[in-house]
Amino acid sequence: MGIRDHEAIRAILGRRSIRRFEEKPVEKEKIELLIECGSAAPSAANSRPCHFVVATDRPILNRLAEDHPYGKMLFEAPLAIIVCGNPEKNDFARRYWEEDCSAAMQNILVAAHAIGLDGVWLGVRHAEGCEEAIRKILPIPAHIAVLGIAALGYGKEKKDPHKGIEEGTLHVNGW
Ligand SMILES: Cc1cc2nc3c(=O)[nH]c(=O)nc-3n(C[C@H](O)[C@H](O)[C@H](O)COP(=O)(O)O)c2cc1C
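In terms of our numbering, the sequence shown opens at residue 25 and continues consecutively.
Below is the structure:
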């Protein structure tokens, strides 16, 4: 077995943004495993500021879809995991919650792909009014920040895995 055939490498390179989903719910056991994988991400000074809101109710998913400008696939996705951070937890959380929550989000997406699910990361923080709208729907306390939404489910489209290093992006022993 070559190094490229390793399961973790296949999951990382094989993860693609999938925006069409089957009408099939995601099993509770898988949802819990995804949250466990999100929680296992590295965290600055181990401050662990991440929180996860799981949405499986169709009316809630539809409201998220309505209020996210680029999140219409949530009308179809059976599962959304909203990754949040608590910047007030401590000083490290205040400085690094975005990095910590991004690592958690990526873990969730890679783990999902590894167990036969697909999904897409929906940014929330830089889409005008989006964070506040989502905060109201769920509802998320005012001091908690929303990093993004993982729209997840059994994918209805296939994409090729990633391959190679983007030209001009590798710099060895300095830029
Ligand atoms: C911070 C961030 C925000 C994103 N927001 C959205 C979004 O709102 N809607 C969407 O369809 N895709 C979104 N994406 C997915 C990107 O479009 C996607 O990752 C990119 O096109 C590369 O494709 P790949 O994920 O298949 O490698 C987002 C990705 C990141 C990292």
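Glycine residues also receive a C-beta, built at the ideal position from the N, C-alpha and C atoms. This one's a predicted model, so the numbers in the text were calculated from it and none came from an experiment.
Query - Unbroken stretches of the beta strand (DSSP E), 3 residues or longer, contained in the stretch 40-124 - result: 74-79 and 103-109
Requested in this report: Could you tell me whether the Cβ atoms of A79 and A117 are closer together than 8 Å?
Outcome: no
Query raised in the report: Which residue from H30, C154 and N114 puts its Cα closest to that of Y94?
Result: C154
Requested in this report: Would you list the one or two residues that DSSP bridges to L146?
Outcome: I173
Query - Distance between beta carbons of E181 and R44, contact taken as under 8 Å - result: 5 Å
Report task. Report, in whole angstroms, the separation of the C-beta atoms of V77 and L171, which I expect to be a contact under 8 Å. Result -> Rounded, the Cβ-Cβ distance is 11 Å, inconsistent with contact.
Query raised in the report: Quick one, which of R72, I161 and G143 has its alpha-carbon nearest P111's?
Result: R72
Query raised in the report: Between which two residues does the alpha helix (DSSP H) harbouring G38 extend?
Result: E31 to G38
Requested in this report: Check whether the Cβ of G147 sits closer than 7 Å to any heavy atom of ligand 1, and report yes or no.
Outcome: yes
Query raised in the report: Relative to the alpha-carbon of A65, which residue among E122, S41 and I42 has its alpha-carbon at the smallest distance?
Result: E122
Report task. Provide the residue(s) that pair with G153 in DSSP beta bridges, ordered along the chain. Result -> Answer is none; G153 lacks a bridge partner.
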